[in-house]
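Residue numbers (UniProt numbering): 1 to 396. A quick write-up on the structure given underneath.
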């Protein structure tokens, strides 16, 4: 595959791999065990410019695109930091991509230089307790009050709010029922805002509560409460009431980066499984010589390569301003599936030792499972493929 990648992407792979090589499986497992953000990795990536890849050069960034971001995330996860995809999605994805593509000149000047250096972090607030996959029905509201908007509502499963300087908050400036009553499309009435997280926390109008969870604990996932958060009108991303197109332009990169993380996680699990299968001897030979061990791993290697191709295709389409929704969904589906299947097969390959924290497989196993549910449920992706690509009747 390397011969098809541009030199920029190959340089990213080499540079991120050099950083990632400094942090072994034991490091990532300690961060997970301690529920600790991998600050050392983040700082090293920032120092090398690998977090500012998608920031335009005039703001101090690398001027690269989604393909380079995907390669960076894949490489980080393949090194063993299988939960690393979360901070690659939050700051370079939600931050750099969103502000670069949809921010005003003032917003870009205010935010992008800090993203280029890694000084600023981002999060996205979309999902709500009663509006997960059905984002159309979100109820977090924003009402105009002079030169400001006042945001009220609740979000859930918001990653990285504890580290974030800025939040992309998805709100309704026209309630869902209001669009129906006025004969507007269901997608009307969405408005996206940039919220200064630390300012809102200090004002007491924004708060969050971490959710205890089974894995990926290098970042918190939190409930977030908006209690009349005041945001300047100048912080609107895109246009008032017409933010749904911007939202999709946020979600497609999220799916592409999640797919890249799944592919990297699959490769990490395969590396551990193959290493063990070559060393562990039973009945006088390495267990990797047995087809019952070898063939499932070979099958997963094939799936990983195919998933990588679709992820790169989706990223290339995005970078070239071509429709990429179908490809982003297929990439996300495939990346999540192969990441989980590889972790599961690594668990089976190591046998009882997989259950031991001596090996990283138990962590990979926990990290990989959630990808089948987020950032979009596997079933909803299949429904999209069925209706949008196969022309089957819609079920929702």
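Backbone N, C-alpha and C define an ideal beta-carbon position, used for all residues, glycine too. Quick caveat, the model's predicted, so the values are computed rather than measured.
Exposure of residue 222, with buried meaning 16 or more beta-carbon neighbours within 10 Å
buried
Could you tell me the distance, in whole angstroms, from the CA atom of residue 1 to the CA atom of residue 61?
Unreliable placement is indicated for residue 1, whose pLDDT of 44 sits below 50; the coordinate value is still reported in the next sentence. Distance between the alpha carbons of residue 1 and residue 61 is about 26 Å.
Environment of residue 248 [buried if 16+ CB atoms lie within 10 Å]:
Residue 248 should be labelled exposed.
Pick helix, strand or coil for residue 1, following the three-state DSSP scheme.
Interpretation of residue 1 is limited by its pLDDT of 44, a score under 50 that renders its predicted location unreliable; no figure is taken from the coordinates.
Residue 296 versus residue 364 - alpha carbon distance
18 Å
Using DSSP's beta-bridge definition, name the partner residues of residue 196.
The partner list for residue 196 (beta bridge, DSSP) reads 166.
Minimum length 3: unbroken beta strand (DSSP E) runs contained in the stretch 97 to 127:
122 to 125
Contact check, residue 256 vs residue 70, beta carbons under 8 Å:
Taking C-beta atoms as the reference points, residue 256 and residue 70 count as a pair closer than 8 Å.
Straight-line CA distance for residue 315 to residue 282?
44 Å
DSSP state of residue 161 mapped onto helix, strand, coil:
coil
Between which two residues does the beta strand (DSSP E) containing residue 225 stretch?
First-last of the beta strand (DSSP E) with residue 225: 221 to 232.
What whole-angstrom Cβ distance do residue 277 and residue 349 have, given they're in contact under 8 Å?
6 Å
Beta-bridge pairing of residue 312 - partner residues as DSSP gives them:
Beta-bridge pairing links residue 312 to no other residue.
Could you tell me whether the stretch 227 to 237 touches the stretch 194 to 212, where touching means 3 or more Cβ pairs closer than 8 Å?
Look at the beta carbons and you see the stretch 227 to 237 touching the stretch 194 to 212: at least three pairs across the two are nearer than 8 Å.
Whole-Å CB distance - residue 20 paired with residue 96, under 8 Å assumed:
That belief does not hold up - the Cβ atoms of residue 20 and residue 96 are roughly 20 Å apart, past 8 Å.
Please list, in chain order, all residues of the same chain as residue 118 whose beta carbon is under 6 Å from its beta carbon, the five residues on each side excluded.
46 and 51
For residue 67, report the span of its beta strand (DSSP E) as first-last.
Note, residue 67: premise wrong, no beta strand (DSSP E); alpha helix (DSSP H) at 66 to 78.
In chain order, what residues of the same chain lie with their CB nearer than 7 Å to the CB of residue 209, ignoring the 5 residues before and after it?
222 and 223
Name the residue from 305, 128, 378 and 24 whose alpha carbon lies nearest to the alpha carbon of residue 170.
128
Whose C-alpha, out of 11, 393 and 346, is nearest the C-alpha of residue 294?
346
Report yes if the CB atom of residue 330 is closer than 8 Å to the CB atom of residue 287, and no otherwise.
no
Which of helix, strand or coil DSSP assigns to residue 392:
coil
So, are the CB atoms of residue 215 and residue 335 less than 8 Å apart?
no
Continuous beta strand (DSSP E) stretch holding residue 141: start and end
141 to 145
Kindly indicate the opening and closing residues of the beta strand (DSSP E) around residue 206.
206 to 210
Using only the alpha-carbon positions, how far apart do residue 338 and residue 303 sit?
7 Å
Please report the distance separating the alpha-carbon of residue 320 from that of residue 67.
10 Å
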